[in-house]
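Read the structure below first, then the notes.
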Amino acid sequence: MAAEPEILEELRRLRFRVPQLTGALAASVDGLVLAHDTPGVEPEGLAALTATALGVAVRMADVTGRGELREVLLRGVHGYVATYAAGRGAVLTLLAEDRVNVGRLHLEGRRAGARIGELTDVPRATGGGHPAAGPDHRHPRKSQRS
1 MAAEPEILEE LRRLRFRVPQ LTGALAASVD GLVLAHDTPG VEPEGLAALT ATALGVAVRM
61 ADVTGRGELR EVLLRGVHGY VATYAAGRGA VLTLLAEDRV NVGRLHLEGR RAGARIGELT
121 DVPRATGGGH PAAGPDHRHP RKSQRS
């Protein structure tokens with residue numbers, strides 16, 4: 001996987017492009033933190049919850065015939081939690097204020113997810129091969145079929 005500084009820089013650029021973001025986290029599909037910019041939120045807990053929610057969302061997309069999971073959006077009274085596929089073995093989770101432009105959130109979240117996917121999916125000359133994908137039920141880009 002990519003070095004943390006490269007992913008962290010992408011998270012910071014994303015927060016600059018969407019000022020209403022209150023946090024950003026890149027994690028493996030198994031819930032391990034790759035990089036985070038989440039003031040006031042414990043990143044390991046958020047990564048673990050992201051992996052759990054991802055498993056449910058992948059299953060729901062499969063059962064309803066929606067195809068491969070691309071993103072999940074949750075809206076609460078105080079704002080949004082959005083999770084985007086980031087390559088084969090990673091996800092991007094964004095926390096945003098309620099006043100965020102959701103279209104802009106999706107546009108920038110999808111772009112950043114794609115960039116993080118490029119960083120995490122490419123074998124590193126100094127770091128080894130491809131990341132190990134988690135179990136299929138947690139993989140953001142692959143749905144299960146019975």
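Mind the numbering: the sequence shown is residues 1 to 146 in the UniProt record's numbering, read in order. Glycine included, every Cβ here is placed at the ideal spot set by N, Cα and C. The model shown is predicted, which means the values in this text are computed figures rather than measured ones.
(request) Ignore the nearest five residues each way along the sequence and tell me which others in R12's own chain have a CB closer than 7 Å to its CB. (result) The answer, listed in chain order, is D37.
(message) Per the DSSP calculation, R75 is bridged to which residue(s)?
(response) Under DSSP, R75 takes part in a beta bridge, and its partners are Y80.
(request) List the whole-angstrom C-beta distance separating A82 from G103, where the pair is believed to meet the contact cut-off of C-beta under 8 Å. (result) About 12 Å separates the two Cβ atoms, so there is no contact after all.
(request) Taking G113 and Y84 to be in contact with their CB atoms under 8 Å, please state how far apart those CB atoms are, rounded to whole angstroms. (result) With a Cβ gap of about 4 Å, G113 and Y84 count as contacting.
(request) Indicate the three-state DSSP secondary structure (helix, strand or coil) for A96 in the structure shown. (result) Correct three-state label for A96: strand.
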